[in-house]
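Below: the structure, in structure tokens.
Protein chains in written order, with my numbering: chain A, 228 to 737; chain B, 74 to 744.
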């Protein structure tokens, strides 16, 4: 008996070595950790249970019959993050470069099926060379199976992808369909076709980093939701992220006990909005001062900074935050900002995460670049996302809420539950000067008259009370008590139930 | 007594005066400029009158506006604070004419002491020591030697037209004088085209020590002991203390009596200060007299128990001083640190803007002594570009200098400011400096010890251990809390490993952590790897608190905590470090991570957004310092100020006001 048990241990030890010590050292030499080391960091100590450790590929073409390595380039299994179940698969770059074979894909789909059935998040760690070319169409079939499950799981369980090495070709589409993609700076890249093919087809010369590094996807393309300096930083942050997420779409959000009082007053918020309406201020200060312990997990912090999105907690319970950022482009809504926020709103709605929206928006960004780029439909995405969301929605207008952007930013009219405004709020079709220039076009030559008109318009509309008179604003609140107001409103809405007309699914303007 | 007074000042001193007036049952009137609409002194006063635009010349220096404010509110007296109109004889006269009392000395005293030459004459007449010297033209080397012999060595030979050390010679004997005279003369001629030189006593190892005076209109004048203000940066006082560690009772009495004699010579009334320069042999010489309340008056208040503002008000109202010289106490030790909005790491560049967080230490009197914070700002307030960038004056008082220093060091550790740069790390470094501890200070202290400001302060081993211990305690608390997150697989909270490795800079500090002894127990790994005697940390800190306050083995400790990605930014004793707490395994894997060289931050200023260039604040060839304003780009009608990220010289400017720029357009290039 003992000998048999020892044999198991020996077999496990062999499998754990993956592609061998040489490849492990090479992986470390590139500043990367191995698949199993990554899982160790992600999971609670000793909680990871590996599945399919002994799976090997079945390909015999091109000499593959002679090279079989247990695990077949991927490590899969489950474990816990702060005691909560999480499924994981991690590409093992030391084994066939982590390339995807039919059996490798099967290992992933097994985990995905379990996660969907048992309702817990799946985290994929990517570091691989794409399809195993020796297998041909069998590998492509494998991809398809993975893609299908990504789609089936979408909106049911959270899916997170962390790109920690190469991720190219067929490999990119699985992460692309998950809820979040994070990248590691300098050691990861993602693209559909690599620099070599780009050179042949378009004659462009680019490096892998320029084509698909974190500096591209977390900043310009918005493919990635965040980037970290190294594997350790990224994986520890994934643990932090998991703490915010419910395990599935029928679970409530997790509660992290907090001793931050709901009655915490922040007198300094009374001076956050500058006297001069043309001066910016940092909306993140409001977020940090209102949420539990100032803890805010920002999503897409480097892309479309004119809108801020991220996760935080109120009274220990997760909330999603969307906020215009006056520090960047005056907080205007453009195509990028609309897309970024729309996707985030839909994520929160999938997983019962209430939405807090802080509004200071001067309107939509004018210009040919925006219109040619389809601002109408991108803006509509955000409008659509807010309107269809049935989670509790609370809105605070801090300053400007102008024009169509007012409607879009979780207004009463699209079924926000509680709409607050600070006394500094200005809810109007447009700024006073612009409005006067249209209404009193004939008086434009007379600057004295015009400035009088502007003052009149400001007096009438540059405040929250016109909207409050109509019930578009439920209450005008003092900035320093915003946290208390929000906590109470969230409590009041805890059992919110809202039905939408039956439909197969909606048709959001993609 | 007055029923209502007006305070013709702003900031902390206005608040300070209002506090005393309120305690005395006197109504207060504040005045404010456009920039101070929401200032604390306006909030605190019973009434407030707007007196003009932000620039001091348009508001706080406008006598007619202040007189009008008095008339409007019926204020019977004006306290001028310090600075602004406090030593302006014309203002005192104008008030007298309007029948309003000036809470300060009489006009004559202000006039005499405001004049450098007049004040020296009065000082000589009153037999007050002045720096010996010969102001006439010296014709020959021999004459110079005679004069020097009279003055006593060492002497300084200075160019009459000079400045900046040119044409300046120090002579320790007659030989030096002969040599120095001709050299100074020729240097003066070549540098200034004027070869006249004069001789003055050279003060070795000078200290700045001043006597606080208090006098009434009835002939009583007292000295309230001395203050030492030798810790100065470019003639700006940084740390003040009372008493001086250098002065013995005999010298104190001699200085005090001379100061009183000078006060009597000008019929002084109210509070005033006679400044002396003191050499290493305790010879003291009159510098000047300040006919107002000094910034550093609180240290005197704490050691004497006398409220100077109250006494000034009473004297102005014609009351007799109820004190005699023998009643003046000298109780314990007081230290004042001036907390300024200036960056000690960047040549003390002023920093203005919003006080996103402002949490000074609590003002209290406990068994360790008194912590007092005189301030004129509040969290969410603004440090404006228009006035002195002082945030607060932090004052501690304890039984002796050592205890007052320890209390100050702790109070500085707890002084939490975010949003602007400030000099708290510098003040902490001063409180930890061996020369401060020994009292071996002169007015050259900062120039000698911190010639180019503060460099990032590496923590000493004891501080490092404190920081590591606090980091572990915080991490432990957060871990313990995560064990109670809902939705866990098992009903039982999962277990954590107890071994920890703290990464601070290059250092890796091993320790094990446990909940024992009513707190968090941390045993650091010793040199041989064996655990050392565990330390016990007790604190009521909870996540979100800006300052960790607790005890380590019974010793009180304050550490500022700012969360960063996977770790904490900790500040303590002038050191600011990033601390990461890992499990043993995490630390092993973290050790495999490559060290990232910060990307070569390009020498370009890029336009961060599409916008219109509103103005450009620099020119080609100009040297700029990090944080300095470079230009303003207007986007969506918002003015965005672009600032230099680091020190450099402007090589090229590619944009002009009115230009419309795209994102990432190069606005300027640096060398």
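We put the beta carbon where it would ideally sit given N, CA and C, even for glycine.
For the beta strand (DSSP E) containing residue 363 of chain B, name the first residue and the last one. 357-363 is the span of the beta strand (DSSP E), which, as asked, contains residue 363 of chain B.
Nearest-angstrom beta carbon gap, residue 272 of chain B and residue 228 of chain B [assumed within contact, 8 Å]: 5 Å
Considering only DSSP beta bridges, list what residue 713 of chain B is partnered with. B:706
Would you mind telling me which residues of chain A sit closer than 7 Å to residue 669 of chain B, beta carbon to beta carbon, in chain order? 456
Of the residues that make up the segment 251-269 of chain A, which ones have a beta carbon closer than 7 Å to any beta carbon in chain B? From the segment 251-269 of chain A, only 255, 258, 260, 264, 267 and 268 have a Cβ closer than 7 Å to chain B.
Quick test of the definition: if touching needs 3 or more C-beta pairs under 8 Å, does the segment 638-646 of chain A touch the segment 675-684 of chain A? no
Report back the beta-carbon spacing between residue 382 of chain B and residue 90 of chain B to the nearest angstrom; my notes put them in contact at under 8 Å. 5 Å
Taking just the CA atoms, how far does residue 332 of chain B sit from residue 360 of chain B? 11 Å
First and last residue of the uninterrupted beta strand (DSSP E) at residue 351 of chain A: Boundaries of the beta strand (DSSP E) around residue 351 of chain A: 349-353.
In its own chain, which residues sit with a C-beta less than 6 Å from the C-beta of residue 569 of chain A, not counting the 5 before and 5 after it? 608, 609 and 612, listed in sequence order.
Give, in chain order, every residue of the segment 616-627 of chain B whose Cβ lies closer than 7 Å to some Cβ of chain A. 616 and 617
Own chain residues within Cβ distance below 6 Å of residue 538 of chain B, not counting five before or after: Once the five neighbours on either side are set aside, residue 538 of chain B has no close Cβ partner at all.
Using a beta-carbon distance cut-off of less than 8 Å, what residues from the segment 431-459 of chain A approach chain B? 455, 456, 457, 458 and 459
Once DSSP output is grouped into helix, strand and coil, what is the label at residue 451 of chain A? coil
Entirely enclosed alpha helix (DSSP H) segments - the segment 105-182 of chain B, minimum 4 residues: 113-117, 136-146 and 162-170
With distances taken Cα to Cα, identify the nearest neighbour of residue 453 of chain B among A:343, A:516 and A:691. Closest by alpha carbon: A:516.
Residue 616 of chain B to residue 638 of chain B span [Cα, whole Å]: 15 Å
Which of helix, strand or coil DSSP assigns to residue 322 of chain B: helix
Three-state class that DSSP yields for residue 703 of chain A in the structure shown: strand
Starting from residue 274 of chain A and walking both ways along the alpha helix (DSSP H), at which residues does that stretch end? Here residue 274 of chain A belongs to no alpha helix (DSSP H), and DSSP marks it neither H nor E.
Determine, for residue 446 of chain B, whether the minimum Cβ-Cβ distance to residues of chain A falls below 8 Å. Chain A, which has no Cβ nearer than 8 Å to the Cβ of residue 446 of chain B, makes this no.
Could you tell me which chain A residues have their CB closer than 7 Å to the CB of residue 429 of chain B, listed as they occur along the chain? Residues of chain A passing the Cβ test: 512.
Residues, ordered as in the chain, of the segment 408-431 of chain A that lie near chain B by beta-carbon distance below 7 Å: none
Pick out whichever of B:258, B:419, B:201 and B:685 has its Cα sitting closest to the Cα of residue 528 of chain B. B:419
Taking 8 Å as the CB-CB cut-off, is residue 559 of chain B touching chain A? yes
Using alpha carbons as the reference points, say which of A:688, A:620 and A:275 lies closest to residue 719 of chain A. A:620
Using 8 Å as the threshold, is the C-beta distance between residue 288 of chain A and residue 361 of chain A below it? yes
Buried or exposed: which applies to residue 725 of chain A, given that a residue is buried once 16 or more other Cβ atoms fall within 10 Å of its Cβ? exposed
Anticipated Cβ contact below 8 Å, residue 485 of chain B with residue 500 of chain B, distance rounded: 5 Å
Starting from residue 562 of chain B, find everything on chain A with Cβ-Cβ shorter than 8 Å and list it in chain order. 307, 310, 311 and 312
With burial defined as no fewer than 16 other Cβ atoms inside 10 Å of the residue's Cβ, what is the status of residue 273 of chain A: buried or exposed? exposed
Report all residues from its chain with a CB closer than 6 Å to the CB of residue 143 of chain B; omit the five preceding and five following residues, and keep chain order. 79 and 173
CA-CA distance, residue 708 of chain A and residue 537 of chain A? 22 Å
To the nearest angstrom, how far is it from the Cα of residue 287 of chain B to the Cα of residue 650 of chain B? 46 Å
Beta-carbon contacts of residue 408 of chain B that lie in its chain and below 6 Å, excluding the five residues immediately before and after: 314, 469, 477 and 481
Any beta carbon of chain A sitting closer than 8 Å to that of residue 656 of chain B? True, the Cβ-Cβ gap to chain A drops below 8 Å.
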